[in-house]
Amino acid sequence: MTFEDPLDALDLMTEFPHSAGAFAEVRRYIGAVAQFADFPSAQTVIRLKAELRKTTDPVREGELLYEIEVAEQDARSTVPRIIWGSILVAIYATFETGVRNALSHWASNVPGAAEFQVGGKGHFLKIASAYSESEVGTELFPDKGLKEAVLELKAFRDSFAHSAGQLPSRRTQLHSSIDKATKRGLAVTVEDGNWGATPRLVAYYFLRVERSYELFSNAVMSIYVSRMSLHAEHA
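What follows is the structure, encoded as structure tokens:
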């Protein structure tokens, strides 16, 4: 393998696993949800109210009034909480998968690189950060502000994935993330012991986390190409 042909470096860049496409898919999904999330609940309410106007059965009328109340409650809080919370989970998963793929590609292709193993003690970010610094020579989070956003998102993700967004009784990282988001003007709903994400909150974390991934991925790819070029020169 030599780099006499400049296209060799381009091949390495092309083969490097990027998650830009995955983030683009999440972006499109967020746009679609923002446009159509209210539609099913709104249609349910319209249908129930139309039936209510036609019914002459007092029992059925009571049932319909209750069903309308439930549908309107779902539209106000339950459905948005579930939808936007699940999108936060998807954003974090896209980030973690992108980092995992970049470091696994490094481990599998750079001569002499240590295996990238995830497991045992410590969560993924700590393991990835340690490997990136020791093996690749770059930080997982070169921008500290973006690191803070990723850690906040992780707190939201963990809460929604493990307890469906239920607020714990004792103060945790989740409470800190909610406080920080609120100070930034990013609305977080709290109702019946559960927190709920909002479109503005989702947009903020998507943009910050996507940028964090881009900085890391570009840094790893640049070092990867240089390392492989050096190896080719001595092959």
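Counted from 1, the sequence shown has number 52 at position 52 by my numbering; the numbering is strictly sequential. The beta carbon of each residue, even a glycine, is placed where N, CA and C say it ideally should be. Please read these numbers as outputs of a predicted model, since none were measured by experiment.
Among the options, the one whose alpha carbon lies nearest that of residue i
i: MET228; options: TYR29, SER77, GLY112, VAL89; result: GLY112
i: PRO80; options: SER41, GLU67, HIS105; result: SER41
i: TRP84; options: ALA164, GLY145, GLN173, LEU174; result: ALA164
i: ASP74; options: GLN43, ALA93, GLU61, LEU140; result: GLN43
i: ASP158; options: LEU174, GLU148, ARG170; result: LEU174
i: VAL89; options: LEU146, GLY31, PHE160; result: PHE160
Beta-bridge pairing of residue i - partner residues as DSSP gives them
i: VAL190; result: TRP195
i: GLN166; result: ASN194
Whole-Å CB distance - residue i paired with residue j, under 8 Å assumed
i: VAL45; j: ILE91; result: Their Cβ separation, rounded to whole angstroms, is 30 Å, which puts VAL45 and ILE91 out of contact at 8 Å.
i: PHE95; j: VAL150; result: 7 Å
i: HIS105; j: PRO17; result: 5 Å
i: ALA107; j: PHE116; result: 4 Å
i: TYR224; j: GLY98; result: No, TYR224 and GLY98 are not in contact; Cβ-Cβ is about 14 Å, not under 8 Å.
Residue i beta carbon near the ligand FAD (any heavy atom closer than 7 Å)
i: GLN166; result: Absent from the structure shown: the ligand FAD. Ligands present: none.
Inter-residue spacing [alpha-carbon to alpha-carbon] between residue i and residue j
i: LYS49; j: ASP57; result: 14 Å
i: MET1; j: SER226; result: With a pLDDT of 43 at MET1, under the threshold of 50, the modelled position of that residue is not reliable, and the figure given next carries that caveat. Approximately 14 Å, taken between the alpha carbons.
i: GLY193; j: ARG100; result: 34 Å
i: PHE156; j: ALA128; result: 20 Å
i: THR185; j: PRO142; result: Inspection of the sequence shows that residue 185 is occupied by Gly rather than by Thr. For GLY185 and PRO142, the distance between alpha carbons rounds to 25 Å.
i: THR231; j: VAL220; result: A small correction: the amino acid at residue 231 is His; Thr does not occupy that position in the sequence shown. If you take the alpha carbons of HIS231 and VAL220, they lie about 16 Å apart.
i: TYR66; j: ALA187; result: 29 Å
i: GLU51; j: GLU69; result: 14 Å
i: PHE3; j: PHE206; result: Caution is warranted here: a pLDDT of 47 is assigned to PHE3, below 50, making its placement in the model unreliable, and the coordinate value is therefore given only provisionally. Each residue's Cα considered, the two are about 37 Å apart.
i: ALA37; j: LEU153; result: 22 Å
i: THR245; j: SER19; result: Absent from the structure is residue 245, since the part of the chain shown begins at 1 and ends at 235.
i: ASN218; j: GLU191; result: 41 Å
i: ILE87; j: ARG200; result: 12 Å
i: ALA22; j: GLY62; result: 47 Å
Chain B within 8 Å of residue i, Cβ atoms only
i: ALA102; result: Although the question refers to chain B, the structure presented lacks it and comprises just one protein chain.
Practice item. Please determine if the stretch 184-204 and the stretch 65-81 are in contact, where contact requires at least 3 C-beta pairs separated by less than 8 Å. Key: yes
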